[in-house]
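To keep things clear, I will list the structure first and then write my remarks on it.
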Amino acid sequence: MIRQGDRLLAFLLRNATAFLFVAAFLAFGVQAPAFLEPANLLNILLQSSSAAITATGMTFVLLAGGIDLSVGSIMFVSAALAGKVVLGGGSLALVIPIVLAVGIACGAINALFTTRLRIQPFIATLAALYMWRGLGLWITRTRAMNLPESLLQVGTARPLGIPAPIFIFCAVLASAHLVLARTPVGRQIYAIGNDREAADKAGIASGRVIAIVYMLSGLCAALGGLVSVAQLGAVSPTFGNQREFAAIAAAVLGGTSLFGGRGRVFPGTVLGAVLIQTVENGLVIVNANPYVYPLIMSAIIFVAVFTDSARHARLSRLSRRYIRPWQAAAHRVETANSGEEGKQ
Amino acid sequence: MNEDMLLEYEDIEKSFFGVRVLSKVSFALRKGHILGLVGENGAGKSTLVNILGGVISSDAGHIRFQGREYTAASPADAFRQGIGFIHQELNLFTNLDVAENIFIAGFPVRRIACIPWIDARAMRARAEELLGSVGLAIPCDTLVERLSQGERQLVEIAKALRLSARLIILDEPTTSLTARESERLFALMKELQGRGISMIFISHNLGDVFRLCDDIVVLRDGLVVDAGPVERFSENRVISLMVGRSLDHYYPPRATVPDEEVLLEVSGLSHPGIVEDISLTLRRGEVLGVSGLMGAGRSELARILFGLDPYTRGEISVKGLRMPSGPSRAAIRSGMAFLTENRREEGLLMEASVADNIALVCLPSFTRTPSGLVDSASLKREVSGAASKLRIRSSSLDRQKVRTLSGGNQQKVVLAKWLLSGPSVFILDEPTRGIDVGAKHEIYKIINDLAGRGAGVLLISSEIEELMGMCDRILVMSAGEITACVERPEYDRERILRFALGRKPV
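Taken in order, these protein sequences are the chains called R and B.
Letter 147 of the first sequence, counting from 1, is numbered 147 in the working numbering, and no numbers are missing.
Letter 12 of the second sequence, counting from 1, is numbered 356 in the working numbering, and no numbers are missing.
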């Protein structure tokens with residue numbers, strides 16, 4: 001039956017990331033039993049926390065129908081600044097607020113570009129990508145910085161017995177989830193991503209909401225950069241390079257639509273970020289040829305984007321206007337039952 | 345100054361790109377009355393209510409609302425002042441649930457730790473109450489994408505009632521509703537009226553207007569041609585006021601008669617929910633009209649014929665060749681031209697020059713063979729030839745942006761674009777919508793000229809008079825089906841209108 005095939009396809013599309021996840025675990029677990037050891041699994045979580053924090057910020061932007069290509073560079077600027085302040089004798093209590101403020105400021109500039117100057121977010125944040133990277137290189141004089149013990153505490157501390165990166169990651173995740181699901185701004189982000197024009201007509205202050213979204217993205221990127229630098233213990237000139245793509249990939253893998261208005265940070269974006277890290281980790285453990293990494297990563301991103309556009313095409317079919325509504329009702333129910341995601 | 349008046353328009357004017365859309369519009373609406381706003385397409389109805397709804401601003405004149413001078417800076421501003429606007433295209437967010445849609449611009453909140461959290465319980469309770477008042481029995485956490493058009497309409501009204509609106513504007517609310525859903529909407533409108541809420545009701549269905557409204561305002565070419573209580577009008581009188589001119593001199597006569605040769609043949613064309621069992625033939629030199637009310641499926645049929653939308657059953661052949669169901673490039677190659685209803689969005693590149701727009705379709709035929717580059721000299725010659733043939737009034741073909749042309753000239757640019765590719769079948773969807781009388785006349789002459797030179801023209805129009813003046817035969821559509829084919833000797837406005845009202849199963 002065609003319809004059954006259709007339903008199966010819809011099911012696969014909806015759960016593509018979960019299938020990839022299971023497949024990755026099975027494949028690596030069979031090839032290298034060390035992969036499944038608890039120590040390694042914890043390691044995967046530790047390694048993915050920085051990316052997951054950044055991807056959470058990205059999810060906000062994508063939900064509102066925008067994109068933020070500058071997050072990798074924001075990570076770099078904030079890490080470089082953190083390094084400078086710590087090397088100059090600043091305490092951790094001073095570093096953290098400075099870094100977070102810088103992240104918000106970078107996001108505010110992105111927001112200014114896109115809402116006030118009405119530049120396409122893709123172009124505006126692409127320009128910002130070069131701008132912040134340039135600023136970071138200027139701060140570091142294009143030299144790698146090795147950082148003192150005090151900053152590494154952020155990576156090694158264990159509040160409530162949980163490693164700090166995972167703790168921060170869970171805190172970010174929980175607050176992001178609550179904001180998106182339970183606050184007016186959160187729901188308005190979904191509305192703007194669904195239909196910007198209708199949002200304006202409905203009286204939503206779209207400009208303000210979009211500004212918030214970019215500032216949150218900047219904040220998350222700065223926090224992600226801080227976590228990452230604390231784990232690495234050094235800032236190199238390529239720090240944060242191309243992390244924007246990992247962040248977008250994680251969000252889209254988690255079911256957030258590049259077309260806006262659909263997606264969730266939990267479980268979506270978290271799952272996406274952890275999946276990417278799982279595959280990277282697994283490839284190292286099974287001793288894969290390093291040249292294969294980018295190929296596999298690109299295949300995963302392709303799957304994510306492909307499922308997103310397939311889903312989007314299905315949805316636009318559903319929202320068509322019908323001339324003969326009594327036929328359309330049956331038609332629509334049929335298509336809807338064969339699988340669309342539930343409540344966001 | 346009358347105490348009973350809720351709303352008064354005084355000498356409101358508005359122009360777009362130098363074309364006057366409203367001139368000195370004045371009328372008044374009583375408290376608790378329903379006012380029917382009628383007029384042909386392009387008469388200025390939407391502009392009139394968009395000013396009220398804060399979507400656009402007027403150029404001159406005053407509005408008084410609830411006894412005070414009224415202006416609305418934005419739709420939100422209008423809403424706060426007690427005016428609810430239900431647009432023809434609904435403004436609902438399909439990814440959110442019903443309650444969230446109702447409260448999207450003003451959630452009930454509770455502050456915990458200085459952060460405003462949505463008070464979900466209060467929101468749901470209030471939403472249930474509002475849904476109850478519009479008679480919609482669905483759980484308020486249903487996603488809007490799961491609702492039917494009729495249910496969505498009721499959600500829009502519930503949304504408008506959130507801030508106790510005094511006036512609700514309904515712009516063509518029934519176009520995508522079933523008969524039963526429309527009845528439900530009308531019952532609700534009567535009930536709201538009973539609660540003292542005034543309404544402005546825009547509809548092409550005069551029967552509905554006469555049933556529901558207390559007052560009628562007839563607009564023609566941006567002027568109020570008559571206004572008053574409904575008792576003063578009859579349907580026939582409204583129609584003649586809307587059209588307002590005799591047909592005889594208005595439509596240029598055509599010297600040629602149709603050939604026997606069939607250019608376009610369609611049989612049994614169907615797509616679920618869109619069109620059903622459409623069959624038609626278009627002959628050489630023929631102008632075939634397609635009539636129907638808003639939402640009868642005329643534009644949808646045109647899009648399917650041109651290959652922009654898919655179909656599931658039936659056959660389309662052009663000059664005996666069967667067309668594949670697919671992208672419109674096949675249709676262009678086989679000699680079809682399509683002029684879209686919405687030229688601002690579909691037919692033209694508004695920011696490009698006149699010449700670039702005209703050259704768009706025929707570019708491939710002007711490439712030099714080995715290099716693949718465009719032969720711009722001969723292209724330019726052809727473009728200016730087409731432009732002068734259609735008398736496009738433009739200061740510079742190369743430099744003037746299409747956006748700055750008047751509506752009539754824009755329409756001619758679209759026609760010129762297709763003329764250059766030498767098509768034999770023209771599908772013209774509302775070619776005279778929103779353009780002034782003089783430009784209309786020129787478009788009519790061009791259509792006659794096309795038919796005279798052996799093309800077949802499928803002319804889709806909402807103006808029955810236009811079709812009767814221009815066409816050899818008129819097909820009437822209703823609810824996605826062809827309900828009649830009227831030959832020239834049987835032309836009669838009422839007859840066509842009756843077929844257009846057609847059957848709508850309940």
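Note that beta-carbon positions come from the ideal geometry of N, C-alpha and C, so glycine has one too.
All values reported here derive from a predicted model rather than from experimental measurement.
DSSP lists M349(B) as the bridge partner or partners of R374(B). When beta bridges are read from the DSSP output, D773(B) appears opposite I804(B).
M58(R) is bridged by DSSP to nothing; it lacks a bridge partner.
Where A721(B) is concerned, the enclosing alpha helix (DSSP H) starts and stops at 720-733. If you ignore the 5 residues before and after S750(B), its C-beta comes within less than 6 Å of the C-beta of V363, all in its own chain and listed in chain order.
When DSSP states are grouped into helix, strand and coil, R510(B) belongs to the coil group.
A contact is defined here as three or more CB-CB pairs under 8 Å, and the stretch 154-170 of chain R fails this definition with respect to the stretch 190-210 of chain R.
Interface with chain B (8 Å Cβ-Cβ cutoff): Y130(R) is excluded.
By the Cβ test, the stretch 291-306 of chain R is in contact with the stretch 16-26 of chain R, since at least three Cβ pairs between them sit closer than 8 Å. Where P419(B) is concerned, the enclosing alpha helix (DSSP H) starts and stops at 419-424. C-alpha of V562(B) to C-alpha of S370(B): approximately 11 Å in a straight line.
Spanning the alpha carbons of S206(R) and V213(R) requires a straight line of approximately 10 Å. Taking a cut-off of 8 Å for Cβ pairs, the stretch 33-49 of chain R and the stretch 259-279 of chain R touch, as three or more such pairs fall below it. Leaving aside the five residues that flank V86(R) on each side, the residues in its chain whose CB is nearer than 7 Å to its CB run, in chain order, V95, L147, P148, S150, L151.
Distance from G633(B) to L803(B) at the Cβ level is roughly 5 Å; contact confirmed, criterion being Cβ atoms closer than 8 Å.
The count of Cβ pairs closer than 8 Å, one atom from the stretch 437-448 of chain B and one from the stretch 371-386 of chain B, stays below three, leaving the stretches out of contact.
S738(B) is bridged by DSSP to nothing; it lacks a bridge partner. In this structure, G629(B) lies near G798(B), with their beta-carbon atoms less than 8 Å apart. Secondary structure of E244(R) (DSSP, three-state): helix. Ranked by Cα distance from L645(B), the first of L772(B), Y353(B), I482(B) is L772(B).
Apart from sequence neighbours up to five positions away, the residues of its chain that approach A828(B) with a beta-carbon distance below 7 Å are V820, F843, ordered along the chain. If you check each beta-carbon in the stretch 234-259 of chain R against every beta-carbon of chain B, none falls closer than 8 Å. N435(B) reaches chain R at D195, E197, A198, A199, K201, A202, counting residues in chain order whose Cβ is nearer than 9 Å. For L704(B), the closest alpha carbon among the candidates V727(B), R666(B), I541(B), G716(B) is that of V727(B). Your pair P775(B) and L693(B) does not check out as a contact, with CB atoms roughly 18 Å apart and the cut at 8 Å.
The CB of T183(R) comes closer than 9 Å to the CB of F451, V453, I459, P460, W461, I462 in chain B, given here in chain order. Here E605(B) has R627, R628 as same chain residues with Cβ atoms under 7 Å from its own Cβ, once five neighbours each way along the sequence are excluded. Beyond the five residues adjoining it in sequence on each side, A198(R) comes within less than 6 Å, by CB distance, of no other residue in the same chain. F122(R) sits away from H177(R), with the two beta carbons spaced by 8 Å or more. Chain B has no Cβ within less than 8 Å of the Cβ of G268(R). In the three-state reduction of the DSSP assignment, L283(R) falls in the helix class.
If you look at D552(B), you'll find it in the alpha helix (DSSP H) that goes 550-556. At the C-beta level, S78(R) and G225(R) come within 8 Å of one another. In the DSSP secondary-structure assignment, D441(B) is bridged to L487(B). Residues of chain R with a Cβ closer than 8 Å to the Cβ of L440(B) are, in chain order, R187, Y190, A191, N194, Q344.
In chain order, D200, K201, A202, G203, I204, A205 make up the part of chain R whose C-beta sits under 9 Å from the C-beta of A420(B).
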